[in-house]
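Trainee:
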């Protein structure tokens with residue numbers, strides 16, 4: 614099969630042996646793979662795959678089932694699926710644990726379905742399972758124009774949550790509001806802390822979904838309401854920051870930090886099952902949808918990473934074998 618290999622930090626199209634599905638796995642012919650910021654980190658040597666995972670980059674894909682390993686139930690050859698991966702997406706074929714497959718929602722193009730698994734599972738596991746976000750509460754999404762951010766806005770708004778978000782520039786802010794954000798704050802032109810305080814009449818927000826990391830830690834705590842939850846899922850502004858424990862105590866607030874890729878097969882299967890039951894219907898009925906910025910052929914993986922690095926992407930970039 615053709616796949617993308619990393620050689621000295623460069624992405625190269627090469628031929629690799631076809632994967633063989635093991636017990637409990639399904640072989641998928643890839644229609645498209647989603648490009649994520651974690652892929653850029655892996656290319657740079659900072660985010661290696663977990664033990665046993667494919668070294669090929671790619672944390673999500675869509676495609677068609679072409680073979681079943683032993684002990685697989687509920688799937689058959691020919692099924693159109695979206696898949697959450699620990700690796701292997703930038704290829705023509707990928708072996709996937711059956712518990713990490715989702716049916717392509719009705720009305721969603723097979724290619725565009727590749728924009729869904731990583732974003733939806735990340736958002737759902739963090740906002741629902743970790744932060745326990747509930748209807749009527751408030752949420753601040755950092756980076757609402759990103760793949761995860763654009764999905765977080767949609768899912769939270771659909772659940773009856775008041776959504777605030779940040780984005781860079783008036784056009785991107787306007788698009789975030791079209792997706793369901795009550796207010797989008799231009800972090801290039803506005804003081805985010807002051808604006809959040811004004812929008813919440815000084816109360817702060819119940820939950821912050823943060824991709825910035827250490828550099829934003831102090832500002833994030835300052836924007837939490839009493840009992841607020843800060844959930845960190847990225848480190849775009851660094852791995853280290855200073856935490857004012859007194860401010861955290863005064864708010865009776867909490868800080869959580871999570872990753873999805875390194876979780877066990879059992880944990881991932883539980884997340885995927887819950888997403889399938891409770892989030893997938895919102896996609897099937899059109900309430901929530903994939904946000905795709907560009908679709909590029911697999912041999913332009915390097916260009917896709919450059920596009921992601923440029924900051925110009927709104928939503929997802931997809932690679933098509």
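Residue numbers (my numbering): 614 to 934. Heads up, the beta-carbon is just placed ideally off N, CA and C, and yes, glycines get one too. Predicted, not measured: the structure shown is a model, and the values here were computed from it.
#1: For the beta strand (DSSP E) that contains residue 676, what are its first and last residues?
#2: Can you name, in chain order, every residue of its own chain whose Cβ lies under 7 Å from the Cβ of residue 637, other than the five neighbours on each side?
#3: By the DSSP assignment, the beta strand (DSSP E) with residue 638 in it spans what residues?
#4: Using 8 Å as the threshold, is the stretch 687-698 in touch with the stretch 712-719, meaning 3 or more CB pairs across them?
#5: Bridge partners of residue 867, per DSSP?
#6: Taking 7 Å as the threshold (C-beta atoms), are residue 671 and residue 720 in contact?
#7: Taking the alpha-carbon of residue 874 as reference, which of 617, 644, 698, 655 has the nearest alpha-carbon?
#8: Who pairs with residue 710 in a beta bridge, going by DSSP?
#9: Beta strand (DSSP E) containing residue 752: first to last residue?
#10: Measuring alpha carbon to alpha carbon, tell me which residue in 644, 722, 614 is nearest residue 632.
#11: Pick out the complete beta strand (DSSP E) segments inside the stretch 712-782, 3 residues or longer, and give them in chain order.
#12: With distances taken Cα to Cα, identify the nearest neighbour of residue 800 among 832, 819, 771, 817.
#13: What is the rounded straight-line gap between the Cα of residue 652 and the Cα of residue 805?
#14: Quick one, which of 666, 647, 654, 777 has its alpha-carbon nearest residue 878's?
#15: For residue 663, list the residues DSSP reports as bridge partners.
#16: So what does DSSP say about residue 910, is it helix, strand or coil?
#17: Report the three-state DSSP secondary structure of residue 856 (helix, strand or coil).
#18: Less than 7 Å separating the beta-carbons of residue 767 and residue 648?
#19: Pull up the CB-CB distance for residue 616 and residue 704, whole angstroms please, since I reckon it's below 8 Å.
#20: Please state whether the Cβ-Cβ distance between residue 785 and residue 820 is less than 7 Å.
#21: Please state whether DSSP places residue 925 in a helix, a strand or coil.
#22: When you compare only the Cα positions, how much space is there between residue 772 and residue 747?
#23: Does the beta-carbon distance from residue 882 to residue 624 come in below 7 Å?
#24: Is residue 796 helix, strand or coil when you go by DSSP?
#25: For residue 704, which of helix, strand or coil comes out of DSSP?
#26: Could you say which of 868, 822, 750, 807 lies nearest to residue 762 if we only look at CA atoms?
#27: Alpha carbon to alpha carbon, how far is residue 674 from residue 718? Give it in angstroms, no decimals.
#28: Taking the alpha-carbon positions, what's the residue 693 to residue 869 distance?
Mentor: To lay it out plainly:
#1: Stepping through the chain shown from its first residue, residue 676 is reached at position 63. Taken as a continuous stretch (DSSP letters only), the beta strand (DSSP E) holding residue 676 covers 673-681.
#2: Residue 637 sits at position 24 when you count from the first residue of the chain shown. Excluding positions up to five away in sequence, the list reads 682, 684, 685, 710, 711.
#3: As a working mapping, residue 638 is identified with position 25 in the chain shown. Unbroken beta strand (DSSP E) run through residue 638: 638-648.
#4: The stretch 687-698 is in contact with the stretch 712-719.
#5: The count along the chain shown starts at 1 and reaches residue 867 at position 254. Residue pairing from DSSP places residue 867 in a beta bridge opposite 842.
#6: In the chain shown, counting from the first residue as 1, residue 720 sits at position 107. In the chain shown, counting from the first residue as 1, residue 671 sits at position 58. Going by C-beta atoms, residue 720 is not nearer than 7 Å to residue 671.
#7: What you label residue 874 is simply residue 261 of the chain shown in a count that begins at 1. For the residues 617, 644, 698, 655, the minimum Cα distance to residue 874 belongs to 698.
#8: The residue labelled residue 710 in the question sits at position 97 within the chain shown. 638.
#9: The residue labelled residue 752 in the question sits at position 139 within the chain shown. Taken as a continuous stretch (DSSP letters only), the beta strand (DSSP E) holding residue 752 covers 751-754.
#10: Numbered from its first residue, the chain shown carries residue 632 at position 19. Of all alpha-carbon atoms in 644, 722, 614, the one lying nearest the alpha-carbon of residue 632 is that of 614.
#11: Counting only runs of at least 3 residues, the stretch 712-782 fully encloses the following beta strand (DSSP E) elements, listed from N- to C-terminal order: 714-716, 751-754, 775-780.
#12: Indexing the chain shown from 1 puts residue 800 at position 187. Answer by Cα proximity: 832.
#13: Taking the chain shown and counting its residues from 1, the one referred to as residue 652 is at position 39. Taking the chain shown and counting its residues from 1, the one referred to as residue 805 is at position 192. Their backbone Cα atoms lie some 28 Å apart in a straight line.
#14: Residue 878 sits at position 265 when you count from the first residue of the chain shown. Minimum Cα distance to residue 878 is reached at 666.
#15: Locating residue 663 in the chain shown gives position 50, counting from the first residue. DSSP lists no partner for residue 663.
#16: Taking the chain shown and counting its residues from 1, the one referred to as residue 910 is at position 297. It is a strand residue.
#17: Within the chain shown, residue 856 is the residue found at index 243, counting from 1. Note: residue 856 maps to coil in three-state DSSP.
#18: As a working mapping, residue 767 is identified with position 154 in the chain shown. As a working mapping, residue 648 is identified with position 35 in the chain shown. Their beta carbons are not under 7 Å apart, which means residue 767 does not touch residue 648 by this criterion.
#19: Stepping through the chain shown from its first residue, residue 616 is reached at position 3. Stepping through the chain shown from its first residue, residue 704 is reached at position 91. Going by Cβ atoms, the distance from residue 616 to residue 704 rounds to 4 Å, so yes, they are a contact pair.
#20: Looking up residue 785 in the chain shown gives position 172. Looking up residue 820 in the chain shown gives position 207. Cβ atoms of residue 785 and residue 820: not closer than 7 Å.
#21: Taking the first residue of the chain shown as position 1, residue 925 is located at position 312. Reduced to three states, the DSSP call for residue 925 is coil.
#22: Translated into positions along the chain shown, residue 772 becomes position 159. Translated into positions along the chain shown, residue 747 becomes position 134. For the pair residue 772 and residue 747, the Cα-to-Cα distance works out to about 8 Å.
#23: In the chain shown, residue 882 corresponds to position 269, counting from 1. In the chain shown, residue 624 corresponds to position 11, counting from 1. In this structure, residue 882 keeps its C-beta atom at 7 Å or more from the C-beta atom of residue 624.
#24: By 1-based counting over the chain shown, the position of residue 796 is 183. Taken through DSSP and simplified to helix, strand or coil, residue 796 comes out as strand.
#25: Looking up residue 704 in the chain shown gives position 91. DSSP places residue 704 in the strand class (E or B) of the three-state scheme.
#26: For the purposes of this step, residue 762 is taken as residue 149 along the chain shown, with counting starting at 1. The residue with the shortest Cα to Cα distance from residue 762 is 822.
#27: By 1-based counting over the chain shown, the position of residue 718 is 105. By 1-based counting over the chain shown, the position of residue 674 is 61. Rounded to whole angstroms, residue 718 to residue 674 spans 14 Å at the Cα level.
#28: Position 80 of the chain shown, counting from 1, holds the residue named residue 693. Position 256 of the chain shown, counting from 1, holds the residue named residue 869. Straight-line Cα distance between these residues: approximately 35 Å.
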